[in-house]
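See below for the structure under consideration.
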Amino acid sequence: MSLRLASLDPNEPRAAKDCRNCNRRRIKCDRSIPTCKKCGLRSLECPGYGLRIRWDQGVASRGKLSGMKIPVLGGQPAAPLVKTPTPPRSESPIPHIRHAATFPARVDITSLLASPAPAIAGSSRDGPRQNAPGIIFDNPHALNIDLSDREVPSPLEDPAAQRLFKYYDHFVSATFPWVEGPDNHWRTVMLPLSLEYRPLLLALLAMAAEQYSSKTGFEWIFADGSCGSAQLRDDCLRLLSQDLKDEVSGAAPDQQRHSSGLLAAILALCNLEMVRSDSALWRVHWSAARAITHRWTSPPNSAMTLNYNDRFLVVDAFTYDAHASCTTFDGYRQIPNDVVHPHDVDIFIEYFRLVQDVTRFERARFEDYTHPVPEWLQDRHRIRAEFAAVRRRNLGFSQLFQLASEERKHDFDALIDMYHYSAMLYAFQVALHPVADLLLRHECAEGAIDSLNRIKSPEGIQQNFVWPLFVVATEARGMEEAQKFCEWHLLDAMAGTGWGNFYPALEFLKRFWKTTPGLHPTWITFAREESARGIKLLVI
């Protein structure tokens, strides 16, 4: 039996390339979607045209398998996969998976004043011990602020708090920038500012205590017998209350004494809630960060009137907003692209400006299907051209960082490409046809995976993997191998950084992978439906 290509309906969507069976057999593929008809006529199982994952290029970044390719162990062929892979075991156990919490759709930002329920204070499960025993504080980029010759704020009178301050300096702050280095503003701006503004100091200490607990399974013990982050967070919220009211009400617009510290503390609280996987308070803090950023950059103010510290804070608020807006569907007052000072625009900001535009268009189109499509989103060629222009403008961007070696520069270039493909994939998901352009999206996903596989040393940049991997994973429906690949790398990134916020997103992906394309053409329709039921999602 044969199949004449001329007999096929020309109006049916076709794949952009041959299936692997036809390509291997060197015959002309009919490129039918979802599978090739020629394979069916020959009783062959068509492999399709989708995402191809090369498992042998994954490299473990820690534990006994550090530096080895995964899942190949000890130089021997890997056994067949029978369960979802998890990162190699290390000295820092992975936090337990907890269910996503829900949060009301509309939030008054002054509800920031409402403290969360405090954790139960007490001693460690293993009895009295030293905090962070055996940890070597040897980060060459740490500030190592000498507290002995200055009057320290009351939280730092406790030696345990001073050690926690040092832990933040050496370890926690390193998980924020695109690449760790001497210009890490979460260290160079936040730490000196925290010594002048007590709520920020409390927020940083709370975040450090929570991250330490997530990484080690132990609580940080203070001299008064309290432990963990809850009391620090509550004290921070109480002190922030009046400053926040003054800021959002405009009661004292000419008083800038606490403004920088206020937004810095709120951004720290946003990230504090990201450490835990069962907290929805990030939505409250995010709402406050949005309000302050709008106030700082709305006429007569603008990005051009901000000082250096405030510019960094606005950039961080914008980046957080661009990430969070992708997966939330209530409240569309996004932070606009022009809040970033021209001198602060880099390739990642340019990509997230495009991502923010895509999200803004998707939400507007949902409200009004006749909403005009931005010119650059009207077809695949224009989308590619827009992203290619960003890449060309920033070909030498990695040279602006003081990267330690050619290998590090190579890894950073691969990270940029990973964001290039994943951000373009997100644009395709929103702007193009969910069926006719399926193969185009899978090509982007493969580009992102290839970029990840090029990275030889993920330490220090792993914190940037989560959003690209999430977007790639949304294309893995029906592809078990791709699902396992994405899950493994996501868990590995979370184990390395101590941030647990992605566990609810991973649970979301597992639910989405069980859906059918007919009911939910893309993950966005499914996420919007879950959001309406109170299941909120943050991927950053």
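Last residue of the sequence shown: 582 in our numbering, with the numbers rising by one and none dropped.
Built from N, CA and C at the ideal position, the CB exists for glycine as well.
Rounded to whole angstroms, what is the Cα-Cα separation between residue i and residue j?
i: residue 488; j: residue 268; result: 49 Å
i: residue 411; j: residue 281; result: 45 Å
i: residue 449; j: residue 538; result: 20 Å
i: residue 470; j: residue 227; result: 33 Å
i: residue 201; j: residue 265; result: 8 Å
i: residue 396; j: residue 465; result: 8 Å
i: residue 417; j: residue 403; result: 11 Å
i: residue 447; j: residue 382; result: 30 Å
i: residue 275; j: residue 208; result: 18 Å
i: residue 521; j: residue 540; result: 28 Å
i: residue 429; j: residue 192; result: 50 Å
i: residue 476; j: residue 467; result: 12 Å
i: residue 229; j: residue 187; result: 11 Å
i: residue 273; j: residue 257; result: 20 Å
i: residue 589; j: residue 328; result: A question about residue 589 goes unanswered here, because the residues of the chain that appear run from 43 up to 582.
i: residue 225; j: residue 494; result: 25 Å
i: residue 507; j: residue 519; result: 20 Å
i: residue 531; j: residue 261; result: 27 Å
i: residue 96; j: residue 433; result: Low confidence applies here, because residue 96 scores a pLDDT of 46, under 50, leaving its location unreliable and the question unanswered by this model.
i: residue 534; j: residue 542; result: 11 Å
i: residue 351; j: residue 62; result: 54 Å
i: residue 341; j: residue 301; result: 17 Å
i: residue 473; j: residue 559; result: 17 Å
i: residue 157; j: residue 279; result: Confidence at residue 157 is low in this model, with a pLDDT of 37, below 50, so its placement is unreliable and the value that follows should be read with caution. Taking the straight line joining both Cα atoms gives about 7 Å.
i: residue 570; j: residue 580; result: 13 Å
i: residue 305; j: residue 548; result: 29 Å
i: residue 25; j: residue 356; result: Absent from the structure is residue 25, since the part of the chain shown begins at 43 and ends at 582.
Residue i bridges to which residues according to DSSP?
i: residue 269; result: 263
What residue range does the alpha helix (DSSP H) around residue i cover?
i: residue 358; result: 350-368
i: residue 536; result: 522-539
i: residue 430; result: 422-435
i: residue 404; result: 389-409
i: residue 486; result: 480-496
i: residue 327; result: 324-339
i: residue 511; result: 508-515
i: residue 227; result: 227-230
In the structure shown, what three-state DSSP assignment does residue i receive?
i: residue 74; result: strand
i: residue 577; result: strand
i: residue 59; result: coil
i: residue 82; result: helix
i: residue 555; result: helix
i: residue 239; result: coil
i: residue 303; result: helix
i: residue 471; result: helix
i: residue 213; result: helix
i: residue 564; result: coil
i: residue 68; result: coil
i: residue 312; result: helix
i: residue 416; result: coil
i: residue 204; result: helix
i: residue 452; result: helix
i: residue 379; result: helix
i: residue 477; result: coil
i: residue 518; result: coil
i: residue 221; result: coil
i: residue 184; result: coil
i: residue 256; result: helix
i: residue 178; result: coil
Taking CB distances under 9 Å as the criterion, tell me whether residue i reaches chain B.
i: residue 418; result: In the structure shown, chain B cannot be found, because there is only a single protein chain.
- Report yes or no: do the segment 541-558 and the segment 514-530 share at least 3 C-beta pairs separated by less than 8 Å? yes
- Query: Should the segment 501-510 be called in touch with the segment 219-226, which here means at least 3 C-beta pairs below 8 Å?
  - Reply: yes
- Item | Stretch-stretch touch, CB-based, cutoff 8 Å, three pairs: the segment 468-487 with the segment 503-518 | Touching, yes.
- Validate contact between the segment 236-245 and the segment 455-462 using beta carbons, cut 8 Å, 3 pairs: Short answer: they don't touch.
- Message: Check whether the segment 314-333 and the segment 358-376 are in contact - that is, three or more C-beta pairs closer than 8 Å.
- Response: yes
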